[in-house]
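Each residue of the sequence shown is one higher than the one before, starting from 353 at the first, in our numbering.
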Amino acid sequence: MTIERKQPRPKKCSVKTCRVSFVPKVSFQSWCSPDCAVVIARDKQEKKRKSLASIERREIKVRKEKLKSRADHLREAQAAVNEYVRLRDAHLPCISCDSMPNDSDLITGSRWDAGHYRSVGACPELRFEPLNIHRQCVKCNRNLSGNAVEYRIRLVQRIGADKVAWIEGPHQPQKFTVEEIKTIKAEYRAKTKELKREAA
Numbered sequence: 353m354t355i356e357r358k359q360p361r362p363k364k365c366s367v368k369t370c371r372v373s374f375v376p377k378v379s380f381q382s383w384c385s386p387d388c389a390v391v392i393a394r395d396k397q398e399k400k401r402k403s404l405a406s407i408e409r410r411e412i413k414v415r416k417e418k419l420k421s422r423a424d425h426l427r428e429a430q431a432a433v434n435e436y437v438r439l440r441d442a443h444l445p446c447i448s449c450d451s452m453p454n455d456s457d458l459i460t461g462s463r464w465d466a467g468h469y470r471s472v473g474a475c476p477e478l479r480f481e482p483l484n485i486h487r488q489c490v491k492c493n494r495n496l497s498g499n500a501v502e503y504r505i506r507l508v509q510r511i512g513a514d515k516v517a518w519i520e521g522p523h524q525p526q527k528f529t530v531e532e533i534k535t536i537k538a539e540y541r542a543k544t545k546e547l548k549r550e551a552a
């Protein structure tokens, strides 16, 4: 008595540009021809290469993070806070001169900065304080060293005399740890992302 072997069911070739129906010779076969087998093999190699490249990028990122100094972390956190401030104040004029310069207006040096009322050098403990940082045109911030007198006048109008007095008052010296700086950076990146989402 002979047992009839069950004929394999037709399959569709797994190559997206082919998708021809074929009868596989073995159960795991997913290609209809040697050419398609080569395409599948190359795709698998490419996926493996991308996966390895992704792992390598992650490892490089981790190594770079470990090599960063406290100053590097401070710079990144300040950039995150400044980006948030520029976006928060996007609808407001320059805190010092009330101008609304165009981002492409380079003749007058009028692009936007996030300018500190009390500078980082004078009061490092307020370097990340959003009440102390406002959108300011480059002309006022860089060319006029912050244009402090005009900054104060408009700052009182914007946030009130009590808050300005608090900014101008004494503050406890603060030495941020690297972990605290990382937390500040993450917090302000999240706030910026939320503002962008709301504006979209």
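Cβ coordinates follow ideal geometry from the N, Cα and C atoms, glycine included. Quick caveat: nothing in here was measured; it's all calculated off a predicted structure.
So what does DSSP say about residue i, is it helix, strand or coil?
i           : result
residue 461 : Note on residue 461: pLDDT 45, under 50, position unreliable in the model; the coordinate value appears next. Coil at residue 461, not helix or strand.
residue 442 : coil
residue 466 : strand
residue 363 : strand
residue 358 : coil
residue 451 : coil
Once you ignore the five residues that flank residue i on each side, which residues in its own chain have a CB closer than 8 Å to its CB?
i           : result
residue 406 : none
residue 389 : 383
What are the boundary residues of the alpha helix (DSSP H) that residue i is part of?
i           : result
residue 388 : 386 to 419
residue 526 : No alpha helix (DSSP H) contains residue 526, which DSSP labels as neither H nor E.
residue 535 : 530 to 551
residue 496 : Element bounds for residue 496: n/a, residue is neither H nor E.
residue 506 : 500 to 511
Near residue i, what residues of its chain come up, given a Cβ to Cβ distance below 7 Å and the 5 sequence neighbours on each side ignored?
i           : result
residue 449 : 489, 492, 499 and 502
residue 374 : 362, 363, 365 and 384
residue 426 : 533
residue 392 : 366, 367, 382 and 383
Check the C-beta distance from residue i over to residue j and give it rounded, since I have them as a contact under 8 Å.
i           : j           : result
residue 547 : residue 444 : Going by Cβ atoms, the distance from residue 547 to residue 444 rounds to 13 Å, so no, they are not a contact pair.
residue 479 : residue 519 : Contact doesn't hold; Cβ gap of about 12 Å is too wide.
residue 379 : residue 360 : 7 Å
residue 466 : residue 434 : 4 Å
residue 397 : residue 477 : At roughly 55 Å, the Cβ-Cβ gap does not stay under 8 Å, so residue 397 and residue 477 are not in contact.
If you follow the beta strand (DSSP E) that residue i is part of, which residue opens it and which one closes it?
i           : result
residue 488 : 485 to 489
Take residue i and list the residues in its own chain whose beta-carbon comes closer than 6 Å to its own, dropping the five residues that flank it on each side.
i           : result
residue 447 : 486, 488, 503 and 506
residue 541 : 432
residue 372 : 365 and 384
What do you reckon, is the C-beta of residue i under 7 Å from a heavy atom of the ligand GDP?
i           : result
residue 393 : In the structure shown, the ligand GDP is absent, as is every other ligand, since no ligand is present at all.
For residue i, tell me which candidate among the options has the shortest Cα-Cα distance.
i           : options               : result
residue 516 : 508, 522 and 398      : 508
residue 536 : 393, 372, 404 and 436 : 436
residue 481 : 414, 429 and 411      : 429
residue 531 : 472, 417, 391 and 372 : 417
residue 484 : 552, 411, 401 and 521 : 521
residue 442 : 421, 422, 423 and 464 : 464
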